[in-house]
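Shown next, in structure tokens, is the structure this report addresses.
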Amino acid sequence: MQNASFSSLATSTQWSAEQFVIRPLTSADIQSVRALHTELAPSFPALRPTFFHQLLTHPTHICLVATPPSSEKPVACIAAAFHVLTSDLTSHAPPPPLEVRVLALGVLPTFRRRGLAMRLLRTAATSLRVLAASAPQVPTSLITAHTATKVCVNVARADGSNRAFWKHVGMHEEEDAGPQREPWSVGWRDVVSVAGPVSIAA
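Note that this note's numbering has the sequence shown beginning at 278, numbered continuously upward.
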């Protein structure tokens, strides 16, 4: 599928984030979402179909897509997974927060700056808390109305716009973790760990 297929999508500047339909990824969406990812991150290694099939079947993972009111074609998506931090069972300290690790998040440029990415993030975090509540590996003390949800994501150090987005939504860079690198299409890339709490969608 060519990237140009998205340019023919009818757009409307007055649509707010709340007007977009956010729903779980289906197998029928995989080709469109792969093309969306290629358009948003042309320098990023192409995501294989197995990546999306894992999102469809793994009990700790989720992928949501956003479609405008006039089309079924995804214009934004988020892939994320919940992670439970280990803690000292003898400690009387509050339990560590449930971690939501963002694996991918992107919105087509035409639909940015209207809160859609933040709505996707909050919806994914809420959905993952629901999944975690029934997961046997998650202590019940982590899933209460009073426990926080911590979002974590690795951002390329050289990606200034992406780093600015996470700062804008209230996340902070964990520089105390030291320099980090992760596998890339050729060799490795330098990344910054970004983390912070996220409010849960109503």
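Glycine included, each C-beta is placed from N, C-alpha and C at the ideal position.
From a predicted model like this one, the values you see are computed outputs, not experimental measurements.
Query raised in the report: Under 7 Å, do I355 and L341 count as touching if we go by C-beta distance?
Result: Going by beta carbons, I355 and L341 fall inside the 7 Å limit.
Query raised in the report: Helix, strand or coil: how does DSSP classify H338 here?
Result: Three-state result, H338: strand.
Query raised in the report: Buried or exposed: which applies to N280, given that a residue is buried once 16 or more other Cβ atoms fall within 10 Å of its Cβ?
Result: The predicted position of N280 is uncertain, since its pLDDT is 34 and thus under 50; a value taken from the coordinates is nonetheless stated next. The residue in question, N280, is exposed, as its Cβ has fewer than 16 Cβ neighbours within 10 Å.
Requested in this report: Out of T337, E450, D436, V469, state which residue places its alpha-carbon closest to the alpha-carbon of A409.
Outcome: Answer by Cα proximity: T337.
Query raised in the report: Within the chosen definition, does the segment 434-450 reach the segment 342-354 through at least 3 CB pairs nearer than 8 Å?
Result: no
Requested in this report: Give a yes or no on whether the C-beta atoms belonging to V471 and V432 are separated by under 7 Å.
Outcome: yes
Query raised in the report: Once you ignore the five residues that flank H360 on each side, which residues in its own chain have a CB closer than 7 Å to its CB?
Result: E376, R378
Query raised in the report: Under a three-way DSSP split, which group does A281 fall into?
Result: For A281, the predicted model reports a pLDDT of 35, less than 50, meaning its position is unreliable; a value from the coordinates is still stated below. In this structure, A281 counts as helix in the three-state DSSP scheme.
Query raised in the report: In three-state terms, what does DSSP make of E450?
Result: If DSSP states are grouped into helix, strand and coil, E450 belongs with the strands.
Requested in this report: Within 10 angstroms of the Cβ of G383, are there 16 or more other Cβ atoms? Answer buried if so, exposed if not.
Outcome: buried
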